[in-house]
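These notes are about the structure you will find just below.
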Amino acid sequence: MILVTGGAGYIGSHYVDYAHKKGSEIVVLDNLVYGHAEAVKDSATLIRGDMGDPKLLDELFTQYKIEAVIHFAAYAYVGESVKDPAKYYKNNTVCTLAVLDAMLRHNVNNFIFSSSCATYGNPHYIPMDEAHPQDPINPYGETKFFVEKILKAYSRAYGLKYTALRYFNAVGAAPDGHIGESHDPETHLLPLILQTALGKRDSISVFGTDYDTPDGTCIRDYIHILDIAQAHDLAMQRLQSGGESAFYNLGTEKGTSVREAIVACEKVSGKPIKVKEEPRREGDPPRLVASAAKAKSELGWKPAYDDFEEIIRTAWEWETHRRY
Ligand SMILES: NC(=O)c1ccc[n+]([C@@H]2O[C@H](COP(=O)([O-])OP(=O)(O)OC[C@H]3O[C@@H](n4cnc5c(N)ncnc54)[C@H](O)[C@@H]3O)[C@@H](O)[C@H]2O)c1
């Protein structure tokens, strides 16, 4: 049995669906502050509760035969983390300690962590590999960086084994459209563009059109959600067969600009998308592109989605038939 914290959220629910289809038994712990019970109703046992509650964690570890924990639960709004850092340090770091300590109490050793490219801060070079300096530029990125440091220390001191996966930008949905991205508020670019195409929003704001990039807009690395799910599965197999603790980037190694994303969404949706050009936002690096060579060679990870329009088609299918 695998315990998946935050499994009712966007990335977690896609992992749970993927692992369930491969025969894994999963218990999800999610307080549903941002998650959706419907997203896991066919694929896992859902326990509604907070990961910061040691009593609940003890009950879970006692009731279920948990062999490993995959830890997606966190708050993930960068802007909010700047305005209300206490909320982020507490939930993402202090509550993660509660999960790790419960694992130690119950002799559960294998942990997979949703880290982020936000731990790197401003890029010194592109593509960014795992050796890139880590200097986060917002409290959200710091919470993820702190947890990475805690994992190293827990591993040294208590023998915990971990894999931290540093995702770049997660996008897309299950190709059959039964689960997908549903954040409230939504801040991610692709759903915002597609909701504009559907007429649910008047326009898509493009923040900064004068960056030193070919079309002046920011470039990001958009990785499909099922490729992220596959990487978790491979990371779990590696840990369970004695692999060492490690950090891996998950990205496509390709950059797509905001304008390119809009053009691709117009093509996939067949609808014109109104753009509103706005000033640059503070703290937005012009380019973030991963090197994922390490995950490919050590995990045997083979991302299936390398065509950006194909990725958008999965998100469009979801966006046009959303269930939650
Ligand atoms: N979306 C991305 O592009 C991206 C990129 C890098 C890293 N990440 C990380 O991946 C993870 C999942 O991101 P997501 O986009 O699926 O976010 P999400 O908000 O959809 O999912 C997070 C889930 O965690 C739950 N949760 C939060 N705090 C909790 C708590 N104290 N107890 C129990 N449940 C709690 C929420 O209800 C939600 O269901 C997060 O850790 C995020 O920081 C996401």
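Going by my numbering, the first residue of the sequence shown is number 167, and it counts up by one from there.
Even for Gly, the Cβ is constructed at its ideal location relative to N, Cα and C.
Nonlocal neighbours in the same chain, by C-beta distance under 6 Å from residue i, ignoring five residues either side
| i | result |
| --- | --- |
| H390 | G338, Y471 and I477 |
| E485 | L360 |
Where residue i falls: helix, strand or coil (DSSP)
| i | result |
| --- | --- |
| F312 | helix |
| N275 | coil |
| M294 | strand |
| A470 | coil |
| A330 | strand |
| I391 | helix |
| A412 | strand |
| I345 | coil |
| V429 | helix |
| N304 | coil |
| M171 | Before going on, a small fix: residue 171 reads as Thr here, not Met. Here T171 sits in strand by DSSP. |
| S457 | coil |
| R386 | strand |
| D450 | coil |
| S407 | coil |
| R322 | helix |
| K253 | helix |
| M402 | helix |
| D267 | helix |
Extent of the continuous beta strand (DSSP E) to which residue i belongs
| i | result |
| --- | --- |
| D196 | I192 to D196 |
| S371 | I370 to F373 |
| V235 | A234 to H237 |
| I439 | First-last for I439: undefined, no H or E at that position. |
| L212 | T211 to R214 |
| A336 | N335 to V337 |
Below-9 Å beta-carbon distance, residue i vs any chain C residue
| i | result |
| --- | --- |
| K433 | As a matter of chain content, chain C is missing from the structure shown, which is built from one protein chain. |
Those residues which DSSP pairs with residue i across a bridge
| i | result |
| --- | --- |
| E444 | F373 |
| S281 | R332 |
| T259 | Bridge partners of T259: none, in fact. |
| S423 | I385 |
Heavy atom of ligand 3 within 8 Å of residue i beta-carbon
| i | result |
| --- | --- |
| D267 | What this structure holds is ligand 1, not ligand 3. |
Span of the alpha helix (DSSP H), counted from its first residue to its last, around residue i
| i | result |
| --- | --- |
| A363 | L355 to A363 |
| L226 | P220 to Q229 |
| I177 | Y176 to K187 |
| V244 | V244 to K249 |
Contacting residues, own chain, Cβ-Cβ under 7 Å from residue i (five flanking each side not counted)
| i | result |
| --- | --- |
| Q403 | none |
| T197 | Inspection of the sequence shows that residue 197 is occupied by Asn rather than by Thr. For N197, where only same-chain residues beyond five positions count, the Cβ hits under 7 Å are R214, G215 and D216. |
| I439 | I359, T362, A363, I370, I428, C431 and E432 |
| A268 | P220, L223, D224 and F227 |
| P293 | E419, V455, A456 and S457 |
Own chain residues within Cβ distance below 8 Å of residue i, not counting five before or after
| i | result |
| --- | --- |
| K253 | Y241, E246 and S247 |
| R446 | F373, G374, D376 and Y377 |
| E352 | L358 and Q361 |
| E448 | none |
Handout entry: Contact between the region 367-376 and the region 456-464 (3+ Cβ pairs under 8 Å)
Key = no
Exercise for the section: Mind the definition here: the region 241-249 touches the region 298-313 only if three or more C-beta pairs lie below 8 Å; say whether that holds. Expected result: yes
Practice task
Inspect the CB distances between the region 409-429 and the region 338-350 and report whether three or more fall short of 8 Å.
Solution key: Three or more beta-carbon pairs separated by less than 8 Å are not found between the region 409-429 and the region 338-350, which leaves the two stretches without contact.
Handout entry: Three CB pairs or more closer than 8 Å across the region 177-184 and the region 217-229
Key = Counting Cβ pairs under 8 Å, fewer than three are found: no touch.
Practice task
Could you say if the region 287-300 and the region 262-276 meet the contact criterion of at least three C-beta pairs nearer than 8 Å?
Solution key: no
Handout entry: Contact the region 411-419 vs the region 453-461: 3+ CB pairs below 8 Å
Key = yes
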